[in-house]
Ligand code: FBP
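Residue numbers (my numbering): 843 to 1455.
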């Protein structure tokens, strides 16, 4: 083939195209080359009088962040609370104060990738400048324990500005929990003469950061530990002080594009119901954002299902009812959004999972030694409550297997591997066939039944549900960051670097007021901690921020959903924009919940090219 092309009459032109293809290999697509050059805004608190980037100074405010059960938490983190308390800090420009020099700050990624991680490194590098050293820790907290660390040079930073992924450093999900692990962390810090450690992660990773900060302070090691809020799930947030974590905006824009395309395809082909499971682990924030952007026929919100105590059968009834009513209006297609963590919120399932977690924790060793999932199932069933055992036995074998599977290092059920969308499809098919066979049980004027004419019932009997299932998750985590995430992460890097250089410890860098210049804050990590059951035991962890049913974003969905269910009024937001009027959008849930005047213009300071001196 190659020789045929080369011998073509247009040889010169063909060679040109060939060399173009090899030049654009790897991370050098024409779009990426353009995105690398995009300017990133910098808040004035990080700018010196001469316009160069300088560390900001963090001052105490009168805003406090107090966790639930503060007194108990204070016993777990006495050192951190003694030095930092619960007061929030705010960044101000340092003016022309003396430059900090000779400091060594290391950074690691932790947990799942999220768009913008590389700009955090760019921000750290920019604020540390030539006079301090930035080091990278390979493969997450595990790398910190192993001491897998290297010096990051400026050239490398240039190559990753505005680029997606976590591949520059790598990541993992190691939970630092044993005395031996903490001792090894201390060795890494001491051996590498670290003055600062920046942990880029979600709730579990920032829990690690809080415990490391406390440990190092107790051991008298002067290394500041700073967290950065990362996760596509959006659950690492603190209301008005930190409306969202980085990565959420990019991921939801990608999912909204894809779901928007599916709504368009459903209305074009007029034959499928698309069941789309959306990542997000426990919180349904991603599902809510995508629903607001695309207007699907149904979006299940786990937090509402838990609040209403809706068993699986009621969820199935709810979906089937909408499918029937749409059919009466001549609509036999649509898109149904299912949050990844749904199973954990269905009351009977959540009881089963809690029960399983207890038994799995109690018999951890015995279960680990069993050769197959089947053996594990046989071992577990008699040890569960009779209700749980019955439910477990009634579930499809694949789902049973997923529930038995090992938890991650932090004790989370691996919900990304549970095919909830398929479970729902199976149950819905069964319910539809029941409805066709026993129409009088399901249709009629009585409460809870579907009101339909005899003709509609006859027509309903002809429904043949055609479904497609999808899982959108991993494809949203490593994309090039949206303009919002690129700006957000660069400034989080500047903030974390400033905090580390000034020796503050046990804080998380945060930004709020995305619509009016951005306010740069430092939140005490201990103010975010709560007690939670993990692997059947109570543990102190950073509290997940879930969808609140009284929030304006949920209300906006609840007010519109009946219309979206009964009509085909979807919207298709299209691909992420890097230029032009729609490139400056903020997530809808942020704009709604924080009462911004619109979604369209984030403002995070002066527009300035990233300059790494
Ligand atoms: P983080 O909270 O670590 O950012 O992870 C987010 C996430 O993408 C979840 O939405 C998902 O449940 C999980 O990671 C999947 O984990 P894994 O990459 O281990 O399959």
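All C-beta atoms in this analysis are idealised placements derived from N, C-alpha and C, irrespective of residue type, glycine included. Bear in mind the structure is a predicted one, so any value in this text is a computation, not a measurement.
beta-carbon residue i near the ligand FBP non-hydrogen atom, thresh 7 Å
i            : result
residue 1123 : yes
residue 1376 : no
residue 984  : no
residue 1309 : no
residue 1073 : yes
residue 1257 : yes
residue 956  : yes
residue 953  : yes
residue 1015 : yes
residue 971  : no
residue 1315 : yes
residue 1044 : yes
residue 1495 : Absent from the structure is residue 1495, since the part of the chain shown begins at 843 and ends at 1455.
residue 1319 : yes
residue 1186 : no
residue 786  : With the chain represented from 843 up to 1455, any question about residue 786 goes unanswered, as that position is not in the structure.
residue 1182 : yes
Residue burial classification, residue i (beta-carbon count within 10 angstroms, cutoff 16)
i            : result
residue 1280 : exposed
residue 1386 : buried
residue 1217 : exposed
residue 915  : buried
residue 1126 : buried
residue 912  : exposed
residue 894  : exposed
residue 1015 : buried
residue 1427 : buried
residue 1455 : Because the pLDDT of residue 1455 is 48, which lies under 50, any placement of that residue in the model is unreliable, and the question is left without a value.
residue 1081 : exposed
residue 848  : Residue placement at residue 848 is poorly supported in this model, since its pLDDT is 48, which falls under 50; the coordinates still yield a value, given next. By the 10 Å Cβ count, residue 848 comes out exposed.
residue 1439 : exposed
residue 1321 : buried
residue 1437 : exposed
residue 1242 : buried
residue 843  : Interpretation of residue 843 is limited by its pLDDT of 45, a score under 50 that renders its predicted location unreliable; the figure taken from the coordinates is listed afterwards. Exposed, by the Cβ-count rule.
residue 1199 : buried
residue 861  : exposed
residue 1000 : exposed
residue 1062 : exposed
Pair within 8 Å by beta-carbon distance, residue i and residue j
i            : j            : result
residue 1185 : residue 1067 : no
residue 1109 : residue 1406 : no
residue 1369 : residue 909  : yes
residue 1054 : residue 1115 : no
residue 976  : residue 947  : yes
residue 1002 : residue 992  : no
residue 936  : residue 968  : no
residue 1078 : residue 1318 : no
residue 1356 : residue 1371 : no
residue 1042 : residue 1118 : no
residue 1123 : residue 1182 : yes
residue 934  : residue 1143 : no
residue 982  : residue 1012 : yes
residue 1324 : residue 1075 : no
residue 973  : residue 943  : yes
residue 945  : residue 1343 : yes
residue 825  : residue 1432 : Here the chain covers residues 843 to 1455 and nothing more, so residue 825 does not appear.
residue 1131 : residue 1391 : no
residue 1434 : residue 1395 : yes
Proximity test, residue i beta-carbon vs the ligand ZN heavy atom, cut-off 7 Å
i            : result
residue 1385 : In terms of ligand content, the structure shown lacks the ligand ZN and carries the ligand FBP instead.
Alpha helix (DSSP H) runs wholly inside the segment 1022 to 1076, at least 4 long, in chain order: Within the segment 1022 to 1076, the complete alpha helix (DSSP H) segments at least 4 residues long are 1045 to 1060, listed from N- to C-terminus.
Is the segment 1043 to 1062 touching the segment 940 to 952 in the sense that three or more CB pairs, one from each, lie closer than 8 Å? Touching, yes, given that three or more Cβ pairs across the two stretches are closer than 8 Å.
Whole beta strand (DSSP E) elements within the segment 1148 to 1203, 3-residue minimum: Listed in chain order, the complete beta strand (DSSP E) runs (minimum 3 residues) inside the segment 1148 to 1203 are 1176 to 1181.
Could you check whether the segment 1347 to 1360 touches the segment 915 to 928, counting it as contact only if at least three pairs of C-beta atoms, one from each stretch, sit closer than 8 Å? Yes, they touch.
If we require 3 or more residues per run, which beta strand (DSSP E) segments fall completely within the segment 943 to 1023? Taken in chain order, the unbroken stretches of beta strand (DSSP E) that lie wholly in the segment 943 to 1023 and span 3 residues or more are 946 to 951, 975 to 979 and 991 to 993.
So, do the segment 1318 to 1334 and the segment 1294 to 1306 have three or more beta carbon pairs nearer to each other than 8 Å? When Cβ pairs closer than 8 Å are counted between the two stretches, the segment 1318 to 1334 is seen not to touch the segment 1294 to 1306, the count staying below three.
Please list the segments of the alpha helix (DSSP H) lying wholly inside the segment 897 to 950, counting only runs of 4 or more residues, in order along the chain. Runs found: 912 to 918 and 920 to 926.
Pairs of beta-carbons, one from the segment 1055 to 1063 and one from the segment 1027 to 1038, closer than 8 Å: are there three or more? Verdict: yes, contact present.
With a cut-off of 8 Å, do at least 3 Cβ pairs link the segment 1261 to 1270 to the segment 1219 to 1227? No, because fewer than three Cβ pairs between the segment 1261 to 1270 and the segment 1219 to 1227 fall closer than 8 Å, the two stretches do not touch.
Meets three-Cβ-pair contact criterion under 8 Å: the segment 1098 to 1112 and the segment 1408 to 1415: Contact holds between the segment 1098 to 1112 and the segment 1408 to 1415, because three or more Cβ pairs, one in each stretch, are under 8 Å apart.
Contact between the segment 884 to 894 and the segment 1356 to 1363 (3+ Cβ pairs under 8 Å): Taking 8 Å as the limit for Cβ pairs, the verdict is that the segment 1356 to 1363 does touch the segment 884 to 894.
Complete beta strand (DSSP E) runs within the segment 1201 to 1259 (minimum length 3 residues, chain order): For the segment 1201 to 1259, not a single whole beta strand (DSSP E) run of length 3 or above is found.
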